[in-house]
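Here the protein sequences line up with chains A and B, keeping their order.
Be aware that the first sequence starts at -8, since it is given in the working numbering, and climbs by one per residue.
Be aware that the second sequence starts at -8, since it is given in the working numbering, and climbs by one per residue.
Don't be surprised by glycine CBs; every beta carbon is placed ideally from N, CA and C.
Below is one structure, written out as structure tokens; comments come after it.
There are 2 protein chains.
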Amino acid sequence: MAARAHLPGHAGPRVRDDERDEESEKRTMTAISSSAIASARRAFEDILGPTNVFFDELDQQSYQDKFAVDDERHHPAGAIAPSTVAQIQEIVQIARRYKVPLWPISRGKNLGYGGSAPLLAGSVILDLSRMQKIEYDEHNGTVLVEPGVSFYDLYDFLKSRGLKHWLSVPGNSWGSVMGNALDRGVGYTPYGEHTARICGLEVVMPDGMLVRTGMGALDGSPTWQLYRYGFGPSWDQMFAQSNFGIVTKMGLWLMPEPESLMGMDLEFDKPEDLGPLIDAIAPLRREGVLQQSPTIGNWLRAANIFTTRGEWTDKPGALSDEVITAIRKKFNVGWWGVSLRLYGRESINKAAYAVLEEAMTRIKPMSLKPAKWRRGEPLEATGWTGTPLTFPMQNANWYGGRGGHIGFSPVLPQSGAAAMAQFKRTYDRYKEYGMDYQASFAFGERHLINVNAVLLNKDDPEMMAKVDPFLRQLIKDAREQGYGEYRTHLDYMDAVENTYDFNDHALRRLNERVKDALDPDGILAPGKSGIWPRRYAKEREA
Amino acid sequence: MAARAHLPGHAGPRVRDDERDEESEKRTMTAISSSAIASARRAFEDILGPTNVFFDELDQQSYQDKFAVDDERHHPAGAIAPSTVAQIQEIVQIARRYKVPLWPISRGKNLGYGGSAPLLAGSVILDLSRMQKIEYDEHNGTVLVEPGVSFYDLYDFLKSRGLKHWLSVPGNSWGSVMGNALDRGVGYTPYGEHTARICGLEVVMPDGMLVRTGMGALDGSPTWQLYRYGFGPSWDQMFAQSNFGIVTKMGLWLMPEPESLMGMDLEFDKPEDLGPLIDAIAPLRREGVLQQSPTIGNWLRAANIFTTRGEWTDKPGALSDEVITAIRKKFNVGWWGVSLRLYGRESINKAAYAVLEEAMTRIKPMSLKPAKWRRGEPLEATGWTGTPLTFPMQNANWYGGRGGHIGFSPVLPQSGAAAMAQFKRTYDRYKEYGMDYQASFAFGERHLINVNAVLLNKDDPEMMAKVDPFLRQLIKDAREQGYGEYRTHLDYMDAVENTYDFNDHALRRLNERVKDALDPDGILAPGKSGIWPRRYAKEREA
């Protein structure tokens, strides 16, 4: 097996090597032959030139998941980087000819969920980061972007044109605007549910056919980025978190620059404040007083961008309440904190602010700090203003060593009681496994996502041995409550998909029937979101 | 052919009988055999009992499209009315066994777009109107409804529970809540884009498999109606305007009862006022000052619910400007009228009202009538308050005789210039064909739908001869501008689908590849939205 033959040694300690290797070997040996990879590589070079085809040892390593529990489990055979749709169409034909699986990435910054690595070791990374075109419709407030456009790229583009429209950015703005929306990432403005603002896609199907969805299916339509449904069935969301096609262009709506931004930053003192806080925000969100989607974060989410664990303790296991109190005191953060923001006309924001203030004062925050901006004033560089940011990623340094985090993100009802129960259950598990608890509760219009970052240090073998059992326990605990994840790391796609079990996994059967019809050779991202093409059926985790 | 053998005579005059009959015969002869229908009918009776199986002459007639140009073109073989999901699963097996096409309807009130009739004559109507269960989650403001639940049913249900949540209703509230949302119907409140408020479906697939989408795929999930995307690809919009499955339950979000409703009814005097009006409303809609989707309607849309043509003239051809002026004077309506509404807290509405008033005053309406309501006051029974209504359907009486209307509804950019050009082009065609112009421009968040009702009198053979060529001309005119319809009558599904032509009809190829994978026998609604299963490939209109 080509990919494995080239595997480099590891500097850091490794965990359960034998088990992992066996499992990984099993996952890749069945269907990808090294001679096929070698032939495909030559064919890729014919199309892209040798400078855009990367199959050396260091290339392979550079596309690994930097936060992985096991670097080899998702080790790629190599990577190719086309710059045009026509090249992608040719690549797809080569992949079909040699039965080589492709793992498309936009910019590969899906940190916490697998980064740039493929689910199936031995896959070829289809790196689309060279495709960076932006088309901007200033009148209507829409863009059409290629996969390689990062939040920084788009921000710079809009800023050079007077920032008439604001972005919504995720905590890691290093990544791709398209990749994030297609993975259902979230931001902080009223346009924060990114996938909901997608309007029209261009997709290379696994047989090379180029499709445009929605109004884009009407050649030359001026409404491709204006009306998302088109005529007949609508497919945009079929290409989210899936493996049915390679998205080469995505329409996205942007928020018009508001006249005013108002709101407040709130801190709450006790763990038990979470329930009342959720019950206070939820109705405001549902009735639309609040249009953005606030995120309630715990003290560690706020503090670990300023400090590291070693500055406070060298004791293993979960932090004691004493240390937590000391850290909170130093950085003046609540056990929970949340920011609420209003966007639009100043006169309307003022009226809405009074409603928010009344509701928040009633539940007695430990602090309430008003925030206010008016068009023309200097703009604070935060997620609330759609300014790209990367500082939340500093949480990877918490434990020291080669740090990282893996996400665990179940969907909950908007209920204080449900959230408190979920918090207590999960916090107890963190303590049981000796991990420090970083969590947030992010509001949608009618749901909550409880985003847990499992922080880790890849140079701590004892800790690393616990990460996988811990995450599987959390998935199991959530399932028992009827909760499923909205998004997960490569390692848990099968496990999470397996929790979506209604009627003997009817949704899986639908997904895989469509998969086999559109991708009979199984060349696109086998295993993504638990969707396995027939060719790789045996690779599904037991 | 069974369906045709039973065809009753017609009381009213008929148009181009020979041509139509030939075409209709051609469309149904190929694939549906009368012996298969007879066998299927017996099997349906075994499951449903004879009282829920309707194959007599009068039954067939009662499921025809009452507004059709040609009653026979979409004449069904009969109808069956199950009351449970298990029965539908059995029906699907019978349809596969005998290769009998089913045409699912919710309540069959899709007037202007085909009513209860099937696209393919000789199909069996699967009438789901007996399925009327409602599950209500008052805390989260969601319902889970079966296909037979009408807007009246749901309104009565909510009213008996204190109307804590408001509906968004279409002009014809006689119809099904589910059917309307799945056909992408629209209403007048901030929840007026009904399809956008769908959250989770239950679907019987063509092979009988029962699927739940989104979080419903997780058995027993409390978040089925709360988070629409689930894990992996999301399918809700795949079942809109399509023929991939039979939707048996639909989750829908409801608007919390607002504290206050404010707004204004505006009339504008001249045809040319349309452009500035659209350019004034569009930015308010995009920035979110206006959350609902206003509809600008012309004088006839307002007047034809109060009067009929015969009261004003007996001249054929399009109405003269003199008559139009007289009618407008009598009913005190503008050439165009529009209503704007704000929903929510009174203090916020007041601030937003001032913004609307300033913007509207600037473009000089001929009248501006403020509207105001506060919780506790008696509620006006209009579309703006989500009260079911049917009065707009009185437009069918405009010409006298057996009246009706057929919709023509292209999607436009939100541009005054584009809308004015579309208006002029279409109005000229109405005059050319001698038809009276009823039109509206309905706002979405970033698009306009130009809904034209082609009013007709089935007892006027001269008029009826013009309807089909007229509608085909409008489709062609729109295509030349890059515009496609968002929804169309059965007669024009192929013609409209044909305008979605990017890359040699790539979207059609995707649709039909999925269709054949999920419905290899082509039993579900062949031809719906121009999607033809392999078995009926020859039926597609040239």
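Min CB distance residue i to chain A below 8 Å
| i | result |
| --- | --- |
| Ala387(B) | no |
| Gly211(B) | yes |
| Tyr527(B) | no |
| Pro247(B) | yes |
| Gly223(B) | yes |
| Pro267(B) | no |
| Tyr220(B) | yes |
| Arg531(B) | no |
| Arg87(B) | no |
| Met232(B) | First, the amino acid is wrong: residue 232(B) is Gln here, not Met. It does: the Cβ of Gln232(B) has a partner Cβ on chain A nearer than 8 Å. |
| Thr214(B) | yes |
| Gly105(B) | no |
First and last residue of the uninterrupted alpha helix (DSSP H) at residue i
| i | result |
| --- | --- |
| Met351(B) | 337 to 353 |
| Ala508(B) | 493 to 509 |
| Asp270(A) | 265 to 278 |
| Arg121(A) | From DSSP, Arg121(A) is part of no alpha helix (DSSP H); its letter is neither H nor E. |
| Ala27(A) | 25 to 39 |
| Asn321(B) | The sequence as given places Lys at residue 321(B); Asn does not occur at that position. Unbroken alpha helix (DSSP H) run through Lys321(B): 312 to 322. |
| Asp457(B) | Looking at the sequence itself, residue 457(B) is Lys, so the reference to Asp does not match. Where Lys457(B) is concerned, the enclosing alpha helix (DSSP H) stretches over 452 to 471. |
| Tyr418(A) | 407 to 424 |
| Phe142(B) | 142 to 150 |
Terminal residues of the beta strand (DSSP E) in which residue i lies
| i | result |
| --- | --- |
| Pro401(B) | 394 to 404 |
| Ile440(B) | 438 to 448 |
| Thr286(A) | 286 to 289 |
| Phe259(B) | 251 to 259 |
Nearest-angstrom beta carbon gap, residue j and residue i [assumed within contact, 8 Å]
| i | j | result |
| --- | --- | --- |
| His480(B) | Gly398(B) | 6 Å |
| Asp583(B) | Ala70(B) | Here chain B covers residues -8 to 533 and nothing more, so residue 583(B) does not appear. |
| Val194(A) | Ile514(A) | With 8 Å as the limit, Val194(A) and Ile514(A) do not qualify as a contact, their Cβ atoms being about 14 Å apart. |
| Lys143(B) | Ser164(B) | Reading off the sequence, residue 143(B) comes out as Tyr, not Lys. Contact flag correct, Cβ pair sits at about 6 Å. |
| Tyr334(A) | Thr180(A) | 7 Å |
| Ala309(B) | Asp450(B) | Contact doesn't hold; Cβ gap of about 19 Å is too wide. |
| Leu158(B) | Pro517(B) | The Cβ separation is near 33 Å, so there is no contact. |
| Met357(A) | Gly394(A) | Rounded, the Cβ-Cβ distance is 30 Å, inconsistent with contact. |
| Trp389(A) | Leu446(A) | 5 Å |
8 Å Cβ cutoff, residue i in contact with chain B
| i | result |
| --- | --- |
| Gln464(A) | no |
| Ile537(A) | The question about residue 537(A) has no answer, for chain A in this structure spans -8 to 533. |
| Trp157(A) | no |
| Asp12(A) | The pLDDT assigned to Asp12(A) is 44, lower than 50, so where the model puts this residue is not dependable, and the model offers no usable value. |
| Gln283(A) | no |
| Gln84(A) | no |
| Pro524(A) | no |
| Ile339(A) | yes |
| Thr42(A) | no |
| Trp244(A) | yes |
| Val168(A) | no |
| Leu257(A) | no |
| Gly521(A) | yes |
beta-carbon residue i near the ligand ADP non-hydrogen atom, thresh 7 Å
| i | result |
| --- | --- |
| Leu333(A) | The ligand ADP is absent from the structure shown, which contains no ligand whatsoever. |
Any contact of the stretch 142 to 162 of chain A with the stretch 235 to 254 of chain A, i.e. 3+ C-beta pairs under 8 Å? The stretch 142 to 162 of chain A is in contact with the stretch 235 to 254 of chain A.
May I ask you to list, following chain order, the residues of the stretch 430 to 453 of chain B that have a beta carbon less than 7 Å from some beta carbon of chain A? Legend: CB atoms of the stretch 430 to 453 of chain B lying less than 7 Å from CB atoms of chain A belong to residues Gly435, Arg437, His438.
If the cut-off is 7 Å on Cβ atoms, which residues from the stretch 482 to 508 of chain A count as contacting chain B, listed in chain order? Val487, Glu488, Thr490, Tyr491, Asp492, Phe493, Asn494, Ala497, Leu498, Arg500, Leu501, Asn502, Arg504, Val505, Ala508
Any chance the stretch 471 to 491 of chain B sits against the stretch 210 to 223 of chain A, with 3 or more Cβ pairs inside 8 Å? yes
Closer than 8 Å between beta carbons: that is the criterion. Which residues of the stretch 116 to 141 of chain B meet it against chain A? His130, Asn131, Gly132, Thr133
Cβ-based contacts, 8 Å cut-off: residues of the stretch 185 to 205 of chain B near chain A: Residues of the stretch 185 to 205 of chain B whose Cβ lies closer than 8 Å to any Cβ of chain A, in chain order: Thr186, Cys190, Met196, Met200, Leu201, Val202, Arg203, Thr204.
Does the stretch 264 to 277 of chain B come within contact of the stretch 255 to 266 of chain A, defined as at least 3 CB pairs closer than 8 Å? With contact defined as three or more Cβ pairs closer than 8 Å, the stretch 264 to 277 of chain B and the stretch 255 to 266 of chain A are not in contact.
Check whether the stretch 321 to 333 of chain A and the stretch 287 to 300 of chain A are in contact - that is, three or more C-beta pairs closer than 8 Å. yes
Residues of the stretch 350 to 379 of chain A whose Cβ lies closer than 7 Å to any Cβ of chain B, in chain order: none
Residues, ordered as in the chain, of the stretch 404 to 420 of chain A that lie near chain B by beta-carbon distance below 9 Å: Pro404, Gln405, Ser406, Ala409
Contact between the stretch 408 to 421 of chain A and the stretch 440 to 447 of chain A: three or more CB pairs below 8 Å? yes
Could you check whether the stretch 124 to 132 of chain B touches the stretch 32 to 50 of chain B, counting it as contact only if at least three pairs of C-beta atoms, one from each stretch, sit closer than 8 Å? no
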